[in-house]
Structures are given as structure tokens and as C-alpha cells.
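J.: Mapping of the sequence shown onto the numbering used here: position 48 corresponds to residue 43, and the numbering continues sequentially without gaps.
Ideal Cβ positions, reconstructed from N, Cα and C, are used throughout, including at glycine.
Note that the structure is predicted; figures quoted are calculated from it, not measured.
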Amino acid sequence: MHAANLQIEGLCLALASINRLLVAKGIVTQEELDNAFEKAEATARGDNRFAGNMSSANRDAVCFPIRVLQIANDTGAETPWSFSELAKLVAGTKEPYGDRR
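1. For a test of the three-state rule: what should DSSP assign to threonine 24, helix, strand or coil?
2. Please report how far the alpha carbon of arginine 95 lies from the alpha carbon of aspartate 55, in whole angstroms.
3. Leaving aside the five residues before and after lysine 23 along the sequence, list all residues of the same chain whose C-beta is less than 6 Å from its C-beta, in chain order.
4. Check asparagine 14 in the structure and name its three-state DSSP category.
5. Looking only at its own chain, which residues have a Cβ that is under 8 Å from the Cβ of glutamine 25, when we skip the five neighbours before and after it?
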């Protein structure tokens, strides 16, 4: 595996842990985080690079860390998922490539 992928895995797990801490301290709610992730993904999908110039697989790659964090947020602080478990959950949410635009 490429070292950059491992760094992204570690970064996602660290951010998920920080998000759980923010919710536990009452700084933000899970709903607020969820809304932020939805906005982030919408922004990524609205990027001009996605307007027919980027494959579905590359769009998924850009949105993958957002989805990992969103699923980690949605499952709650009581479930400290491993990165591979989160990745499997993200894969289960994907739409078939032919149905996307």
C-alpha cells in the first residue's frame, strides 16, 4: 500500500476521534457534523473537475474521506471503528456507477 494512503487512513481516524470529542463536550451536535459533511460532499461534487471530466471512481476517491468521517459520526462515539471497517461501511453506501451524474 502506498504511504500516502496510510497517512490518509491515520488522518481520517484522528479526525473521527476529534469529532467524537467535540460532540461529547457539547461543542457541536452529531446533526451539525452530519450537515457539515453533506455540505462538504456537495461542494466536492459541485467542483468543475466533476463536470464530466472526472470518472465516477475518481469522484468516489475525492468523497471517500468525507464519507468515512460521516459514517464514523453517524455510528456514535461508543463504536470506535477501525479504518477497514469504516471503509467497508462506505462501500456499502455507494450507488452503482451507471446511475450517477
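T.: According to the structure shown:
1. On the sequence shown, position 29 is the one that residue 24 refers to. The answer is coil: DSSP assigns threonine 24 none of H, G, I, E or B.
2. One-based indexing of the sequence shown puts residue 95 at position 100. One-based indexing of the sequence shown puts residue 55 at position 60. In this prediction, arginine 95 scores a pLDDT of 46, lower than 50, which makes its location untrustworthy; the coordinate-derived value is nonetheless stated afterwards. Each residue's Cα considered, the two are about 11 Å apart.
3. The sequence position of residue 23 within the sequence shown is 28, counting from 1. Per the sequence shown, the amino acid found at residue 23 is valine instead of lysine. Leu17, listed in sequence order.
4. Residue 14 sits at position 19 when you count from the first residue of the sequence shown. In the structure shown, asparagine 14 sits in a helix (DSSP, three-state: H, G or I).
5. One-based indexing of the sequence shown puts residue 25 at position 30. Within the same chain, glutamine 25 has close Cβ partners Val18, Asn68, Asp69 and Gly71.
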